[in-house]
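Enquirer: Okay, here's the structure, questions in a sec.
Protein chains in written order, with our numbering: chain R, 556 to 677; chain P, 194 to 391.
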């Protein structure tokens, strides 16, 4: 069973209405706030009017934006570590390259010298 | 001073609206730029209203985004929105800044938040005076109460998101907001010249 909303809940609802552009009288009436509680809605409305968004210096905003952009240069380790699949593929490619290089080195050292090479070193 | 309705903090039934961009940034960090552009002014606003100084707010904003980019791969969709996650980082950076400067309160908000031009200069001056008065009262609140009000009113976070940022329950945040507004109303009533009728 739902109990009736507390004063704090009704005041929050009135604040929500003020933020949507309602006048203090409408917000208070809709939230069933009267007397001393109505005074709080008036205070909330005055506070809302007294606290506009302060202007942000364009130079600061641009400088911080540039700094953040500088931090977004891609780190290959981070790229791989964020997704386990990438790590597996990276490891498989690395292993394949290693096996290939080793096989080539073995082949180079064990192959029979060509006839031209034998003639050259005779 | 007029003000447009703020974007709502509620992430809605569709879940975290930033999730797709967060996943893109996790795959390719260059995509973090979208999230940066979306939130840099709001993170800065949070830091500015709590620290009361442009330079300190810029430092905290820079540290927040550098930390967020470094940790973006660790973000998981476990119920808390990306916005809550980001503001939690900002909250920690602001807390560090407050600690490092010995909890000095700065009253420079009034020097930098100039009223916008208006077709009714007299009304504009009255509104600017009232705004200064309200901000001065806000600055006297306890830190946790100020934090809740700034996250709610400056950054448009929902009670649930603020709960994620501050590590409290949603109900506790609503109670804290109630107490904070009650404190603010009392301070305003004590210092208002004539009784106000809104």
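Yeah, the Cβ is synthetic: ideal placement off N, Cα and C, and Gly gets one too.
What's the gap between the Cα of residue 663 of chain R and the Cα of residue 643 of chain R?
Expert: One-based indexing of the first chain puts residue 663 of chain R at position 108. One-based indexing of the first chain puts residue 643 of chain R at position 88. If I take the Cα positions, the gap works out to 30 Å.
Enquirer: Nearest to residue 580 of chain R by CA position, among R:562, R:657, R:599 and R:564, is which residue?
Expert: Within the first chain, numbered from 1, the residue matching residue 580 of chain R stands at position 25. When each option's Cα is compared against that of residue 580 of chain R, the closest is R:599.
Enquirer: Do you know offhand how far residue 206 of chain P's Cα is from residue 651 of chain R's?
Expert: Numbered from its first residue, the second chain carries residue 206 of chain P at position 13. Numbered from its first residue, the first chain carries residue 651 of chain R at position 96. For residue 206 of chain P, the predicted structure reports a pLDDT of 47, less than 50, and the residue's modelled location is therefore unreliable. The matter cannot be settled from this model.
Enquirer: Does the beta carbon of residue 206 of chain P sit closer than 8 Å to a beta carbon anywhere in chain R?
Expert: Sequence index remark: in the second chain, residue 206 of chain P carries index 13 (1-based). For residue 206 of chain P, the predicted model reports a pLDDT of 47, less than 50, meaning its position is unreliable and no value from the coordinates is stated.
Enquirer: In terms of residues, what are the limits of the alpha helix (DSSP H) holding residue 227 of chain P?
Expert: Reading the second chain from its first residue, position 34 is the one you call residue 227 of chain P. Looking at the DSSP string, the run of the alpha helix (DSSP H) that includes residue 227 of chain P is 225-244.
Enquirer: Tell me the DSSP secondary structure of residue 611 of chain R in three-state form.
Expert: On the first chain, residue 611 of chain R is found 56 positions in, with the first residue counted as 1. Correct three-state label for residue 611 of chain R: coil.
Enquirer: For residue 571 of chain R, does the count of other Cβ atoms within 10 angstroms reach 16, so buried, or fall short, so exposed?
Expert: Indexing the first chain from 1 puts residue 571 of chain R at position 16. Label assigned to residue 571 of chain R: buried.
Enquirer: Measuring straight from C-alpha to C-alpha, what distance separates residue 607 of chain R and residue 626 of chain R?
Expert: Reading the first chain from its first residue, position 52 is the one you call residue 607 of chain R. Reading the first chain from its first residue, position 71 is the one you call residue 626 of chain R. One C-alpha to the other measures close to 32 Å.
Enquirer: For chain R, check one thing: does any of its Cβ atoms lie closer than 8 Å to the Cβ of residue 267 of chain P?
Expert: As a first step, residue 267 of chain P must be located in the second chain, where it is residue number 74. No, no contact with chain R.
Enquirer: So residue 595 of chain R and residue 375 of chain P are supposed to be a Cβ contact under 8 Å. How far apart are they, rounded?
Expert: The sequence position of residue 595 of chain R within the first chain is 40, counting from 1. The sequence position of residue 375 of chain P within the second chain is 182, counting from 1. That belief holds up - the Cβ atoms of residue 595 of chain R and residue 375 of chain P are roughly 6 Å apart, short of 8 Å.
Enquirer: Determine whether the beta carbon atoms of residue 623 of chain R and residue 258 of chain P lie at a separation below 8 Å.
Expert: For this step, residue 623 of chain R is matched to residue 68 along the first chain. For this step, residue 258 of chain P is matched to residue 65 along the second chain. Cβ distance < 8 Å, so residue 623 of chain R and residue 258 of chain P count as in contact.
Enquirer: With C-beta atoms as the reference, is residue 348 of chain P less than 8 Å away from residue 272 of chain P?
Expert: Locating residue 348 of chain P in the second chain gives position 155, where the first residue counts as 1. Locating residue 272 of chain P in the second chain gives position 79, where the first residue counts as 1. No. Outside cutoff.
Enquirer: Beta-carbon of residue 201 of chain P versus every beta-carbon of chain R: anything under 8 Å?
Expert: Residue mapping note: residue 201 of chain P aligns to position 8 of the second chain, counting from 1. Its pLDDT being 46, under 50, residue 201 of chain P is placed unreliably by the model, and the measurement read from it follows with that caveat. Between residue 201 of chain P and chain R, the shortest Cβ-Cβ separation is below 8 Å.
Enquirer: Flag residue 606 of chain R as yes if its beta-carbon sits less than 8 Å from any beta-carbon of chain P, otherwise no.
Expert: The residue given as residue 606 of chain R occupies position 51 in the first chain. Closer than 8 Å to some Cβ of chain P, the Cβ of residue 606 of chain R qualifies, so yes.
Enquirer: Is the Cβ of residue 384 of chain P closer than 8 Å to any Cβ of chain R?
Expert: To locate residue 384 of chain P, count along the second chain from 1; it is residue 191. Residue 384 of chain P does not count as touching chain R.
Enquirer: In three-state DSSP terms, what is residue 620 of chain R?
Expert: Position 65 of the first chain, counted from the start, is the residue given in the question as residue 620 of chain R. Helix, per DSSP.
Enquirer: Can you give me the C-alpha to C-alpha distance between residue 358 of chain P and residue 338 of chain P, rounded to a whole angstrom?
Expert: Against the second chain, residue 358 of chain P aligns to sequence position 165. Against the second chain, residue 338 of chain P aligns to sequence position 145. The straight-line gap from Cα to Cα measures roughly 14 Å.
Enquirer: Please list the partners that residue 621 of chain R has in chain P, where partner means a Cβ-to-Cβ separation under 7 Å.
Expert: For this step, residue 621 of chain R is matched to residue 66 along the first chain. Residues of chain P with a Cβ closer than 7 Å to the Cβ of residue 621 of chain R do not exist; the shortest Cβ-Cβ separation is about 10 Å.
Enquirer: Measure the alpha-carbon distance for residue 254 of chain P versus residue 224 of chain P and round it to whole angstroms.
Expert: Residue numbering aside, residue 254 of chain P sits at position 61 when the second chain is read from its first letter. Residue numbering aside, residue 224 of chain P sits at position 31 when the second chain is read from its first letter. C-alpha separation (whole angstroms): 19 Å.
Enquirer: Counting C-beta neighbours from all protein chains within 10 Å, is the total for residue 659 of chain R 16 or more, i.e. buried, or is it exposed?
Expert: Reading the first chain from its first residue, position 104 is the one you call residue 659 of chain R. Under this definition residue 659 of chain R is an exposed residue.
Enquirer: Scan the region 225-238 of chain P for residues whose Cβ lies nearer than 9 Å to a Cβ of chain R and list them as they occur along the chain.
Expert: 225, 226, 229, 230, 233, 234, 235, 237 and 238
Enquirer: When the cut-off is 8 Å and only beta carbons count, does residue 651 of chain R lie next to chain P?
Expert: The sequence position of residue 651 of chain R within the first chain is 96, counting from 1. No, because no Cβ of chain P sits closer than 8 Å to the Cβ of residue 651 of chain R.
Enquirer: Given residue 562 of chain R, which residues of its chain have a CB within under 7 Å of its CB, disregarding the five upstream and five downstream residues?
Expert: Counted from its first residue, the first chain places residue 562 of chain R at position 7. Closer than 7 Å at the Cβ level, and outside the excluded window around residue 562 of chain R, lie 592.
Enquirer: Contact criterion: CB-CB distance below 8 Å. Does residue 368 of chain P meet it with respect to chain R?
Expert: Taking the first residue of the second chain as 1, we reach residue 368 of chain P at position 175. Closer than 8 Å: yes.
Enquirer: Which same chain residues end up closer than 7 Å to residue 343 of chain P when comparing Cβ atoms and leaving out the 5 residues on each side of it in sequence?
Expert: Position 150 of the second chain, counting from 1, holds the residue named residue 343 of chain P. Correct list, in chain order: 239, 242 and 243.
Enquirer: Go through its chain and collect everything with a Cβ distance to residue 589 of chain R's Cβ below 8 Å, but skip five positions before and after it.
Expert: Taking the first residue of the first chain as 1, we reach residue 589 of chain R at position 34. The answer, listed in chain order, is 583.
Enquirer: Since residue 366 of chain P and residue 355 of chain P are thought to touch, with beta carbons under 8 Å apart, how far apart are those beta carbons, to the nearest angstrom?
Expert: In the second chain, the residue the question calls residue 366 of chain P occupies position 173. In the second chain, the residue the question calls residue 355 of chain P occupies position 162. Cβ atoms of residue 366 of chain P and residue 355 of chain P come within 8 Å of each other, at about 5 Å.
Enquirer: Under the three-state reduction of DSSP, which class applies to residue 570 of chain R: helix, strand or coil?
Expert: Here residue 570 of chain R refers to the residue found at position 15 of the first chain. Looking at residue 570 of chain R - three-state DSSP - the assignment turns out to be helix.
Enquirer: Let me know the secondary structure DSSP gives residue 698 of chain R once reduced to three states.
Expert: With chain R covering only 556 through 677, there is no way to say anything about residue 698 of chain R.
Enquirer: Return the residue from the list R:609, R:612 and R:566 that minimises the CA-CA distance to residue 586 of chain R.
Expert: Locating residue 586 of chain R in the first chain gives position 31, where the first residue counts as 1. Comparing Cα-Cα distances from residue 586 of chain R to each of R:609, R:612 and R:566, the minimum goes to R:566.
Enquirer: In terms of residue numbering, what span does the alpha helix (DSSP H) encompassing residue 214 of chain P cover?
Expert: Taking the second chain and counting its residues from 1, the one referred to as residue 214 of chain P is at position 21. Counting along the chain, the alpha helix (DSSP H) containing residue 214 of chain P begins and ends at 212-220.
Enquirer: Give me the chain R residues within the contact set of residue 323 of chain P, using Cβ-Cβ distance strictly less than 9 Å, ordered along the chain.
Expert: Numbered from 1 along the second chain, position 130 holds the residue referred to as residue 323 of chain P. Here the neighbours are 601, 604 and 605.
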